[in-house]
Amino acid sequence: MTPTLQAFLVVSAALFSVGLLAALSRRHAIFILIGIEMMLAAANLNFIAFWRFAPPPHPATGVMIVIFSIAISAAEAAVGLAMVITVYRHYRTTNVDQFDQLKG
Amino acid sequence: MNPGLANNLWLFPAVPFAAATVILALAKSRRKTAAVLAIVGQVTVLATSIVALLASVQTDGFRAVHNFTWFTFGDQTLRLGFVLDPLGAAMLVMISLVGLCIFVFSVGYMAGDKDFTRFFAYLSFFAGAMLGLVIANSLLLLFIFWELVGLASYLLIGFWIERPNAAAAAKKAFITTRIGDMGFFLGMLWLYNGSGTLLFYDGGRGCLESAGLAMLGASATFIALLIFCGAVGKSGQFPLHVWLPDAMEGPTPVSALIHAATMVAAGVFLVARVYPLFSLGAVNGVTSSLTVVVWIGVTTALMAALIAIAQADIKRILAYSTVSQLGLMMVSLGVGGVAAGIMHLLAHGFFKALLFLGSGSVIHGCNGEQDIRKMGGLRRIMPVTFGTYAIGMVALSGVPLFFSGGWTKEEILHATAQWPRSQAPYYLMLAGVVLTALYMTRQMIYVFFGSPRASAEHAHESPRIMKMPLVVLAIGAIFLSVVLTPAWPWLHGYLTGEPVHFELARLIQPMLFVSLVLVGAGMALGVWFYRKAGARDRDRPAEIDPLEYAQPSLFRLLANKMYIDELYACTIVAFAWTSAQFSDWMDRYFWDGLVRGFGVIGQVFGIVTAGVDERGINVGVDESTVGARGLGRLLSGAHSGQIQLYLGVVAVGMLALLLLYAWLA
């Protein structure tokens, strides 16, 4: 069976939905970060899929963007974790419901 | 001509004014300084005026004029000026000499008064205003001094301000003369309109000189009559004479000053000053304006002489006598005897001041009593006052030869007899002569003869400072008869500019005998009729006047001043009262109602706008703010700070957009 673009997009959409659900429903800051990473991964998967099923010849644009995206998400994860640790030190909790000091 | 003299004429009013100002600035207790200042000022003025008189006697037709520009308004230049001519110079000497006597007398008369300094300040002011009036060479300047004289008389008549009578008399004098001044003012405006100048003498261009008079033409009659209104008010002529007797409320020296040297003299002087206006276009010496002057004078002279017979107040008798004498002067001016009128004015100044100061001495001696019925027998107690008073009385009655009033009175009668229009004034004047002798005899008998009654029992002679002026004035009254004698009429010639020569024969004239007979008749009648005045006579009680006993209704008419005050009260005053009431009513109900109506409209409008504001605009604003607040609260609920809620909303939004896109595609 030859993999089709639809199959990739369905998987990607599912992965994004799972990540979104995690980001919206979990109360733990680290799980929200994980959800965000999952949504990023879904986006990266879409890039690769559209690149793979585009008409030839293929310059390596899709792969290049995804490599950049992974690097940026790694940096983002590092910053996010650092923020979580800082916030934890301040509030003694990682529960995002408690973080409402900035509300207008 | 002497330009230095004319340039310094302003000193005449300035010296007494300066004295008055300094005295006013003094403390009340500096009585001696005040009196000395006032008298020194008056002596200075007297000396200067004698110098001026001597200077003016040396040249025939002397006239020194000094004009100056007061202010320039656009292309109109208003010029004022001073003039010294025989008329003015003679008046200056009379005013300053009589004034000086009155000042000295006042030192004694007012010795006990608490406002001694104020009195002397006013006296100086009064004298200064009158001196300025005499030398003014512009009708406007004359008018200014004229009003200052009016103000001074107001202040002095009402000097004892704590007495309601004095305050009322001062107001009456001021308002009554103001009525005449209104006419004067209108006449002045008309004159300025007609001739373009108010200067009397201006090198041929003045309003009394031929060029100015030619421009006036027929309107001169009306101008003269309007100016005469002012003279009527000031000189107490009928029908504006009512203030003069009431002016007796002032201190007696003031009465003397008003009735002799100043104030009343001003009216006669004014007519003499602007005489060319009256006589313009005269035929045979008669013009319509002069005819009016004659009849007003005759009416006044006779009426006042009649009223004087029935008065009981020593000063009021003299007041009516003044009114009567002023009428005589007016007649003289009206029939063309200007010099005679002015000479009588000068003579009258002396003997009337003498009589008033004498009456002041009597009142002072009787401790303030003014009712002649309560005096009597004073000739033994106050010999000096009696002697000088008798001289004044015979001068006023017009006994010829040795007393000044006689000559001038004869001259006036002589001029009146020759009036071409009518003989009536002449005969009425003759009757006036009899009446004058009669009422003066009555007063003499009541005051100085018989036995002392109520107030006279503790009477005393006045101090020397009061007797001295009396003697000076009495000598003046006799001495003037030498000056005025028709045998050598130099004063007449000096005033008219005609050449004079000595002629003894003129002493004996038919008029002399007419005068002698009439005055003798008046005095004899008085002596016979009033010989027992003040005493019991058969069925007549002592306190009833002989005339009252003989003719009660006639006496009542005269004693009540012919009811002229009452007539005014029920006509002019009543009219003024009614119109004031009407104006008050209009003001209170009509105009006030209008204003209140507008007020109500404003109030209603205010209530309506307040309602709209509170119920409409305010509620709308309130509601919208409440709504905005609710909306804000609602929306702020969305801003929960829950990052996941925001994300959820973003996700739902994205989904909605996707669905929209899908649906549109």
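As you go down the protein sequences, you meet chains L and B in turn. So the first sequence is residues 1 to 104, counted in my numbering. So the second sequence is residues 1001 to 1665, counted in my numbering. Ideal Cβ placement from N, Cα and C applies to all residues, glycine included. In this text, all values refer to a predicted model and were calculated from it rather than measured experimentally.
- The closest CA to that of Ala1127/B, considering only Leu1139/B, Gly1203/B, Val1271/B and Ala1152/B, is found on Ala1152/B.
- Counting along the chain, the unbroken alpha helix (DSSP H) around Ala22/L starts and ends at Leu5 to Ser25.
- Following the DSSP letters along the chain, one finds Val96/L in no alpha helix (DSSP H), marked with neither H nor E.
- Its Cα nearest to that of Ser73/L, the residue Glu37/L stands out among Arg26/L, Glu37/L, Thr61/L and Ala14/L.
- Here Arg1531/B carries a coil assignment [DSSP, helix/strand/coil].
- Distances from the CA of Gly1088/B to each of Ala1167/B, Gly1398/B, Leu1306/B and Val1271/B were compared; the closest alpha carbon is that of Val1271/B.
- Around Leu1024/B, the same chain offers Ala1121 as residues with beta carbons nearer than 6 Å, after the five sequence neighbours per side are excluded.
- Put simply, the backbone Cα of Leu1216/B is about 13 Å away from that of Leu1189/B.
- The C-alpha of Gly1476/B lies about 11 Å from the C-alpha of Ala1395/B.
- Neighbours of Leu1658/B in chain L, taken as residues at a C-beta separation under 9 Å, are lacking, since the least C-beta distance is about 12 Å.
- Residue range Ala1064 to Phe1073 is occupied by the beta strand (DSSP E) that includes His1066/B.
- Going by beta carbons, Phe1278/B and Phe1356/B fall outside the 9 Å limit.
- Judged by DSSP in its simplified three-state form, Thr1385/B adopts helix.
- Put simply, the backbone Cα of Asn46/L is about 30 Å away from that of Val96/L.
- 9 Å or more divides the Cβ of Thr1221/B from the Cβ of Ser1332/B.
- The beta carbon of Ala1628/B does not come within 9 Å of any beta carbon belonging to chain L, so the residue lies off that interface.
- Per DSSP, reduced to three states, the secondary structure at Val1274/B is coil, with no helix or strand assignment.
- According to the DSSP assignment, Thr1077/B belongs to the beta strand (DSSP E) that extends over Gln1076 to Leu1084.
- Under the 9 Å criterion on CB atoms, Val10/L is classed as non-interfacial with respect to chain B.
- Listed along the chain, the chain B residues whose CB falls inside 9 Å of the CB of Leu24/L are Gln1644, Leu1645, Leu1647, Gly1648 and Ala1651.
- Nearest to Ala1390/B by alpha-carbon distance, out of Leu1413/B, Glu1410/B, Tyr1426/B and Lys1352/B, is Lys1352/B.
- Chain B places no beta carbon closer than 9 Å to that of Phe47/L, leaving this residue out of the contacts.
- Against chain B, a Cβ distance below 9 Å from Val96/L picks out Gln1642, Ile1643 and Gln1644.
- Within chain B, the residues placing a beta-carbon under 7 Å from that of Leu20/L are Ala1651, ordered along the chain.
- Apart from the 5 residues on each side of it in sequence, Lys1315/B sits with its Cβ closer than 8 Å to the Cβ of Met1248, Thr1252, Ser1255, Phe1356, Ser1359, Ile1363 and Gln1370 in its chain, given in chain order.
- Look at the beta carbons and you see the region 1258 to 1266 of chain B touching the region 1233 to 1246 of chain B: at least three pairs across the two are nearer than 8 Å.
- Listed as beta-bridge partners of Val1283/B by DSSP are Val1286/B.
- Out of Phe1448/B, Leu1378/B, Pro1276/B and Val1294/B, the CA that lies nearest to the CA of Ser1422/B is found in Val1294/B.
- Per DSSP, the continuous alpha helix (DSSP H) segment holding Gln1644/B begins and ends at Ile1643 to Leu1664.
- Rounded to whole angstroms, the gap between the alpha carbons of Leu1428/B and Val1298/B is 7 Å.
- Ser1324/B places its beta carbon 9 Å or farther from that of Met1466/B.
- No Cβ of chain B is located within less than 9 Å of the beta carbon of Phe50/L.
- Annotation for Met1511/B: Glu1410, Leu1413 and His1414 place their beta carbon closer than 7 Å to its own, counting only its chain and skipping 5 residues before and after.
- Under the 9 Å criterion on CB atoms, Gln101/L is classed as interfacial with respect to chain B.
- Inclusion of Gln1042/B and Leu1100/B in the CB contact set at 9 Å is warranted, their separation being smaller than that value.
- Here the region 1183 to 1198 of chain B makes no contact with the region 1165 to 1175 of chain B; the two share fewer than three CB pairs at distances below 8 Å.
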